[in-house]
């Protein structure tokens, strides 16, 4: 069984850890479009203000955490999803097959068009 998690934020990382906790043999792949190790965006203001160091933003402190857990991380942007074929096409031309897929890509803030919001 190959579980693919699209998104390397807190939800994706916790999902990978939970899958591993329940099954030592399952294959787990995290896909995220940033080259950095998975980190907490909520920690960025604390990093910028100097309250924490860069390492304090990482979701797992051990640099070998994912390797030790047998979790593959692919640093790439997903280009297309084929639900029937159970594949994710990545920018650059490669493709990842999966048995189960979790979309954990997070959210982006928006400013709703509410009068008087300013």
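Residue numbers (UniProt numbering): 1 to 118.
Ideal Cβ placement from N, Cα and C applies to all residues, glycine included.
Quick check on residue i: does DSSP put it in helix, strand or coil?
| i | result |
| --- | --- |
| residue 13 | helix |
List the whole-angstrom C-beta distance separating residue i from residue j, where the pair is believed to meet the contact cut-off of C-beta under 8 angstroms.
| i | j | result |
| --- | --- | --- |
| residue 24 | residue 75 | That pair is no contact at about 25 angstroms. |
| residue 43 | residue 104 | With a Cβ gap of about 18 angstroms, residue 43 and residue 104 do not count as contacting. |
| residue 88 | residue 98 | 7 angstroms |
Compute the Euclidean distance between the alpha carbons of residue i and residue j, then round it to the nearest angstrom.
| i | j | result |
| --- | --- | --- |
| residue 20 | residue 54 | 26 angstroms |
| residue 95 | residue 2 | 14 angstroms |
| residue 78 | residue 45 | 28 angstroms |
| residue 177 | residue 117 | What the structure shows of the chain is the stretch from 1 to 118, and residue 177 is not part of that stretch, so it cannot be assessed. |
| residue 8 | residue 107 | 12 angstroms |
| residue 22 | residue 15 | 11 angstroms |
| residue 101 | residue 4 | 5 angstroms |
| residue 123 | residue 56 | Beyond the ends of the chain as shown, which are 1 and 118, falls residue 123; an answer cannot be given. |
| residue 67 | residue 17 | 12 angstroms |
| residue 71 | residue 28 | 5 angstroms |
| residue 26 | residue 86 | 17 angstroms |
| residue 69 | residue 92 | 27 angstroms |
Please classify residue i as buried or exposed, where buried requires at least 16 neighbouring CB atoms within 10 angstroms.
| i | result |
| --- | --- |
| residue 6 | buried |
| residue 152 | Residue 152 lies beyond the residue range present for the chain, which begins at 1 and ends at 118; the question has no answer from this structure. |
| residue 114 | exposed |
| residue 30 | buried |
| residue 32 | buried |
Task: Length at least 3, wholly inside the UniProt domain "FAD/NAD(P)-binding" (2-117): the beta strand (DSSP E) runs in chain order - done: The qualifying runs are 2-6, 27-32, 71-75, 78-82, 87-90, 95-97, 100-103.
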